[in-house]
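Respectively, the protein sequence lines represent chains Z and A. In case it helps, the working numbering puts the first sequence at residues 32 to 570. In case it helps, the working numbering puts the second sequence at residues -17 to 93. Don't be surprised by glycine CBs; every beta carbon is placed ideally from N, CA and C. To keep things clear, I will list the structure first and then write my remarks on it.
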Amino acid sequence: MNGWSHHLIVAPILIPLIASALLLFIDERPRVAKAMVSLASAILPTVIAFILFRIESGPNGFEGVYLVGNWSAPFGIVLVLDGLSAMMLLLTALLAVSALVFSLARWHAVGAHFHSMFQLLLMGVNGAFLTGDLFNLFVFFEVMLAASYGLLLHGSGPLRVKAGMHYIAINLVAALLFLIGVSLIYGTAGTLNMADLAARIPEIEPDRRMLMEAGAGILGVVFLIKAGMWPLCFWLPTAYSAASAPVAGIFAIMSKLGIYVILRLTMLLFGEGPSAGFGAPVLLYGGMATLIFGIVGVLASQALGRLAGFSVLVSSGTLLMVLGINDGAVSSGALLYLVSSTLTISAFFMLIELVERGQDAGANVLAVTMEAYGEADDEPENEKEGVTMPGTMAVLGICFAACGILLSGLPPLSGFVAKFAMLSAMMGTGSIGVPPTAAIWALVVLVILSGIAALISMTRVGIRTFWSSIEGTVPRVLVIEIVPVMFLLALTLALTVRAGPAMQYMDTTIRTLSKPSIYIHAVNNALPIKGVKAGTEGE
Amino acid sequence: MELVLSIAIGIMTSCGVWLILRPRTYQVIIGLSLLSYAVNLFIFGVGGVKANVPPILGNDDPSILADPVPQALVLTAIVIGFATTALFLVVLLASRGLTGSDHVDGRNEPK
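Right under this line is the structure:
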C-alpha cells in the first residue's frame, strides 16, 4: 500500500464529514439534490471500503497505518486498518447504502436534516473502526452518538421522544464512564495510543496495574452498554423498535461497534502478558445472561419491532459469550456470525416496517407490548407516486421467511454456516481438540435454544401476518423499499456460497489479532512522510 | 490540595448519581451536569495535581512540568459534554411539550 492508495484509509471518515457539511447548505425543499449528494457519499465509501478490503485480503495483508498530521506514533493520532476494521468498514458501507436507499421512499422527508445526521453517524462509526487511539475513539463515539440521538428522534412522536430521552440519558452516563476509564488508563500507563498501551502493559508495576485494569473494566462497561449486555441492555429493544425503519437498519451496526471495540481491546491488551484473559469470565457469563434474556424476550414479544430488538440482544449475547471463551477457531466463526447477523437484523428492521404497513393497528390489540407499537399511523402518508412492487405479499413473505431462516440459523443461508462454524469449533472438532467443558456445553445448548426461540417466534408472527391476516389488505410497497432488503438478504446468500473464502478471511483476521506484536510493530514502525513538515494538531 | 480535590469529586459524584436516579427530567439533567464536572476534575487529577507550573516544554526539567495531555482531554470533554447536555435539554423540552409531564417516562406518578 503506497502512494495515493495510502490516503484511502482516511477517506471513509472524510467523505461523510464533507458530505454532511455540504448537505447543510442545501435547502430541505429540493429533496432530490440532498438525496443525490447523500447517496453519492454513501456509495463512494463503499467502493473505497471494498478496495481496502481487497488490499487487506490480498497476500501482503496488514500494513495500513495512517499517521494523521504526519506525527509518528505514539505522539500523533494514528488510524489503523487491519483485516477486522476493513471488514467492518465494508459492512457499514453496505448497510448504509441499503438504509439510505430505503429511506428515500419516504422516511427522509419526515424530519429535517436526516441526511446530514446520517452522514455524521457514518463518519463516527467509520472513525471508531479505524482509530488506533483511545481518546480519538471517544471523540468518534461521541460524533456517532450525537448523530444517533438526532436520528432516533427523526420522525418525532411521543414514543420516539420518550425512548430517545432514555437513550440519551444512558449514553451520556456511558460517555462519562468512558472518560473515567480513559483517564485511569492514561494515569497509570501514560499513553492513550492502543499499540503503545499494549506494549507498555507488561512494564506497569502490580499496584498500578490494578488501577489500569479498573480503568479498562470501566471502559468495558461503556462498550457493553452499546453492545447491550444484560443487565445493561433494557434500553435497547425500546430504542431500536421506536426508531424509524432505515434508522433502526443502520443502528444494527452500532451494537456491533461495541462488540468490535471489546474484541479489539481484549485481543490487543489482554491477549498475552501478565493481564492475559482479563474480563473474559465477565464476557462469558454476561453473554450467557444476555442470550437467556434475549431468548425470553424473543419468545415473549408480540410486536415485530420488539422481536427484532431482542434479536439484536441474542446476536450480541452469542458474540460476547464466544469472545469470553477466547479461542481462535470459535472466534473466526463468530466473526462470520457477526457479519451475517448484522445483515439479517438490518434487513429485518426494514422489512418489518413494510409488513406492518398493511396491518391495521387495531388488529394487534391483543399484543402484549402495545407501548412499543401503534405508531404507524403517525407518519404522514406519502403522496408521491412511485413504482409499486408487483406480487407484494409473495415478495414480502419470501423475505420474511429468509429472515426467519437466518435468525434461527437453519440451512441453507449464512446464519447456519456461521453457527455451524462456531458450534463445531466449540465441540472440539475444530482446532482445540479437547473435550468441551461444562461452560462450553451450556454455551452450545444456549446457542441452539436461541435458534429454536427465533424459529418459534418468527413462525408465529409469520402465520399471523401472512396467512391469517383478518384484514387481507396488501401494503403498498415501492420497489426502492424492497430492493435494499432483498439486497441485504442476497448478501447473506453470497456469504453462504462463498463461505469457504469468507471463513479463510476470518481465520487470517483472528490469527493476526491474536498476535498483538504484529499490530504494535506496524504502528510503531510507521514512518512520517519525509519532506512534509508535521502539521500542528488542534484539539 | 489532593484531599480537597478528591473530596470535591466524591461529593459531586454522589450528588450526581442520586440526582440522575430521580424521576424528574430536570433533576436528571442537573445530575448529569454535576457528574460531568466531577469527571472533568477527575481527568484533571490523573495528570498529577501541580500548582504554578507551565504545561509547555521549554528548557525546564520535565519532572516539574504539568502534564498537558489531561488538560487537552478535559477541554475536549467539556466541549462535547456541553453540546450533548444542550441537546438533552431540547429533548427534555420536547418531551414536556408532547406528554405534558416532566416525568422521565412521560407520565405522572400514580396518586
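Query raised in the report: Rounded to a whole number of angstroms, what is the C-alpha to C-alpha distance between M298 (chain Z) and A339 (chain Z)?
Result: Counting from 1 along the first sequence, the entry for residue 298 (chain Z) is found at position 267. Counting from 1 along the first sequence, the entry for residue 339 (chain Z) is found at position 308. For M298 (chain Z) and A339 (chain Z), the distance between alpha carbons rounds to 30 angstroms.
**Report entry** Where I62 (chain A) meets chain Z, residues with beta-carbon distance less than 7 angstroms
**Finding:** Locating residue 62 (chain A) in the second sequence gives position 80, counting from the first residue. By Cβ distance, chain Z contributes E173.
**Report entry** Cβ neighbours of I487 (chain Z) in the same chain (closer than 7 angstroms, five flanking residues each side left out)
**Finding:** For the purposes of this step, residue 487 (chain Z) is identified with residue 456 of the first sequence, where counting begins at 1. So the qualifying residues of the chain are L330.
**Report entry** Bounding residues of the beta strand (DSSP E) (the contiguous stretch that carries I108 (chain Z))
**Finding:** The count along the first sequence starts at 1 and reaches residue 108 (chain Z) at position 77. Counted as a single uninterrupted DSSP element, the beta strand (DSSP E) harbouring I108 (chain Z) occupies residues I108 to L112.
Query raised in the report: Would you report the Cα separation of F242 (chain Z) and L294 (chain Z), rounded to the nearest angstrom?
Result: As a first step, residue 242 (chain Z) is located in the first sequence; it is residue number 211 there, counting from the start. As a first step, residue 294 (chain Z) is located in the first sequence; it is residue number 263 there, counting from the start. It is worth fixing the name first, because residue 242 (chain Z) is Leu in this sequence and not Phe. Cα to Cα, the separation comes out at about 21 angstroms.
Query - 7 angstroms Cβ shell around V353 (chain Z) - same chain, five flanking residues per side excluded - result: As a position in the first sequence, residue 353 (chain Z) is number 322, starting the count at 1. Non-local C-beta neighbours of V353 (chain Z) in its own chain, meaning closer than 7 angstroms and more than five positions away in sequence, comprise V361, S362, A365 and M453, ordered along the chain.
Query - F265 (chain Z) Cβ short of 7 angstroms to the ligand PLP heavy atom set - result: The ligand PLP is not part of the structure shown, which contains no ligands of any sort.
Query raised in the report: Taking DSSP as the reference, what is the three-state secondary structure of H85 (chain A)?
Result: Taking the first residue of the second sequence as position 1, residue 85 (chain A) is located at position 103. Of the three classes helix, strand and coil, the one that applies to H85 (chain A) here is strand, per DSSP.
Report task. Could you give the DSSP three-state label for V231 (chain Z): helix, strand or coil? Result -> What you label residue 231 (chain Z) is simply residue 200 of the first sequence in a count that begins at 1. According to the sequence as given, residue 231 (chain Z) is Arg; it is not Val. Three-state DSSP puts R231 (chain Z) in a helix.
Query raised in the report: Checking contacts by CB at 8 angstroms: is P105 (chain Z) closer than that to chain A?
Result: Reading the first sequence from its first residue, position 74 is the one you call residue 105 (chain Z). Residue-level contact check: P105 (chain Z) does not touch chain A, since none of the beta carbons of chain A fall below 8 angstroms from its beta carbon.
Query raised in the report: When DSSP labels each residue in this structure, what does G95 (chain Z) get in the three-state scheme?
Result: Against the first sequence, residue 95 (chain Z) aligns to sequence position 64. Annotated three-state conformation of G95 (chain Z) is strand, per DSSP.
Report task. Kindly indicate if chain Z contains any beta-carbon less than 8 angstroms away from that of S110 (chain A). Result -> Nothing can be reported for residue 110 (chain A): it is not among the residues displayed for chain A, which extend from -17 to 93.
Query raised in the report: Identify the residues that DSSP records as bridge partners of T162 (chain Z): which are they?
Result: Here residue 162 (chain Z) refers to the residue found at position 131 of the first sequence. Bridge partners of T162 (chain Z): Z:L110.
Query raised in the report: Where G186 (chain Z) and G251 (chain Z) are concerned, what is the direct C-alpha to C-alpha distance, given to the nearest angstrom?
Result: Here residue 186 (chain Z) is taken as the residue at index 155 of the first sequence, counted from 1. Here residue 251 (chain Z) is taken as the residue at index 220 of the first sequence, counted from 1. Approximately 32 angstroms between the Cα atoms of the pair.
Query - DSSP-derived helix/strand/coil call for N22 (chain A) - result: Locating residue 22 (chain A) in the second sequence gives position 40, where the first residue counts as 1. Note: N22 (chain A) maps to helix in three-state DSSP.
Query raised in the report: So, using beta-carbon positions, are S77 (chain A) and T(-5) (chain A) closer together than 8 angstroms?
Result: Here residue 77 (chain A) corresponds to residue number 95 of the second sequence, with the count starting at 1. Here residue -5 (chain A) corresponds to residue number 13 of the second sequence, with the count starting at 1. Contact: no.
Query raised in the report: Does DSSP put N224 (chain Z) in a helix, a strand or coil?
Result: The residue given as residue 224 (chain Z) occupies position 193 in the first sequence. Three-state DSSP puts N224 (chain Z) in a strand.
Report task. Taking 8 angstroms as the cut-off, decide whether the C-beta atoms of L477 (chain Z) and L322 (chain Z) are in contact. Result -> On the first sequence, residue 477 (chain Z) is found 446 positions in, with the first residue counted as 1. On the first sequence, residue 322 (chain Z) is found 291 positions in, with the first residue counted as 1. Result yes, Cβ atoms of L477 (chain Z) and L322 (chain Z) sit closer than 8 angstroms.
Query raised in the report: Would you say C264 (chain Z) and L190 (chain Z) are within 8 angstroms of each other, going by their C-beta atoms?
Result: Taking the first residue of the first sequence as 1, we reach residue 264 (chain Z) at position 233. Taking the first residue of the first sequence as 1, we reach residue 190 (chain Z) at position 159. The answer is no: Cβ separation not under 8 angstroms.
Query raised in the report: DSSP state of R137 (chain Z), grouped into three classes?
Result: Translated into positions along the first sequence, residue 137 (chain Z) becomes position 106. Residue state, collapsed to three classes: coil.
Query raised in the report: DSSP on R6 (chain A), reduced to helix/strand/coil?
Result: As a working mapping, residue 6 (chain A) is identified with position 24 in the second sequence. Three-state result, R6 (chain A): strand.
Report task. Measuring only between beta-carbons, confirm whether P52 (chain A) sits less than 8 angstroms from chain Z. Result -> Translated into positions along the second sequence, residue 52 (chain A) becomes position 70. Yes, P52 (chain A) counts as interfacial toward chain Z.
Query raised in the report: Grouping DSSP H, G and I as helix and E and B as strand, with all else coil, what is S129 (chain Z)?
Result: Translated into the one-based positions of the first sequence, residue 129 (chain Z) becomes position 98. S129 (chain Z) carries a helical assignment under DSSP once its states are collapsed to helix, strand and coil.
Requested in this report: Mind checking the segment 141 to 174 of chain Z against chain A and listing, in chain order, the residues whose C-beta falls within less than 7 angstroms of any C-beta there?
Outcome: Residues of the segment 141 to 174 of chain Z with a C-beta atom less than 7 angstroms from some C-beta of chain A are F166, V170 and E173, listed in chain order.
Query raised in the report: Using CA coordinates, which residue listed in Z:R239, Z:M489 and Z:L427 is at the minimum distance from M381 (chain Z)?
Result: Counted from its first residue, the first sequence places residue 381 (chain Z) at position 350. The candidate whose alpha carbon is nearest that of M381 (chain Z) is Z:L427.
Report task. Please specify which runs of the beta strand (DSSP E), each continuous and at least 3 residues long, are wholly inside the segment 44 to 80 of chain Z, giving them in chain order. Result -> Fully enclosed beta strand (DSSP E) runs of 3 or longer: not present.
Query raised in the report: chain A beta carbons: is any one of them nearer than 8 angstroms to that of P189 (chain Z)?
Result: In the first sequence, the residue the question calls residue 189 (chain Z) occupies position 158. By this cut-off, P189 (chain Z) is an interface position.
Query raised in the report: Can you tell me the Cα-Cα spacing of T81 (chain A) and L55 (chain Z), whole angstroms?
Result: Start at 1 with the first residue of the second sequence, and residue 81 (chain A) comes out as number 99. Start at 1 with the first residue of the first sequence, and residue 55 (chain Z) comes out as number 24. T81 (chain A) and L55 (chain Z) have their C-alpha atoms some 31 angstroms from each other.
Query raised in the report: What residues of chain A sit near G195 (chain Z), judged by a beta carbon separation below 8 angstroms?
Result: Position 164 of the first sequence, counting from 1, holds the residue named residue 195 (chain Z). V73, listed in chain order.
**Report entry** Under 7 angstroms from the C-beta of G218 (chain Z): neighbouring residues of chain A
**Finding:** Working through the first sequence from its first residue, we reach residue 218 (chain Z) at position 187. Within 7 angstroms Cβ-Cβ: V28.
Query raised in the report: Hey, does S51 (chain Z) have any beta-carbon neighbour from chain A nearer than 8 angstroms?
Result: Locating residue 51 (chain Z) in the first sequence gives position 20, where the first residue counts as 1. Closer than 8 angstroms: no.
**Report entry** For E303 (chain Z), the three-state DSSP class (helix, strand or coil)
**Finding:** Here the question's residue 303 (chain Z) lines up with position 272 in the first sequence. Annotated three-state conformation of E303 (chain Z) is coil, per DSSP.
Requested in this report: Would you kindly report the start and end of the unbroken alpha helix (DSSP H) that includes R239 (chain Z)?
Outcome: By 1-based counting over the first sequence, the position of residue 239 (chain Z) is 208. P237 to A258 is the span of the alpha helix (DSSP H), which, as asked, contains R239 (chain Z).
Query raised in the report: With burial defined as no fewer than 16 other Cβ atoms inside 10 Å of the residue's Cβ, what is the status of D358 (chain Z): buried or exposed?
Result: Within the first sequence, numbered from 1, the residue matching residue 358 (chain Z) stands at position 327. By the Cβ-count criterion, D358 (chain Z) is buried, with 16 or more other Cβ atoms from all chains shown falling within 10 Å of its own Cβ.
Query raised in the report: For I574 (chain Z), which of A:F70, A:L14 and A:N22 has the nearest alpha-carbon?
Result: This structure cannot speak to residue 574 (chain Z), because chain Z is shown only from 32 to 570.
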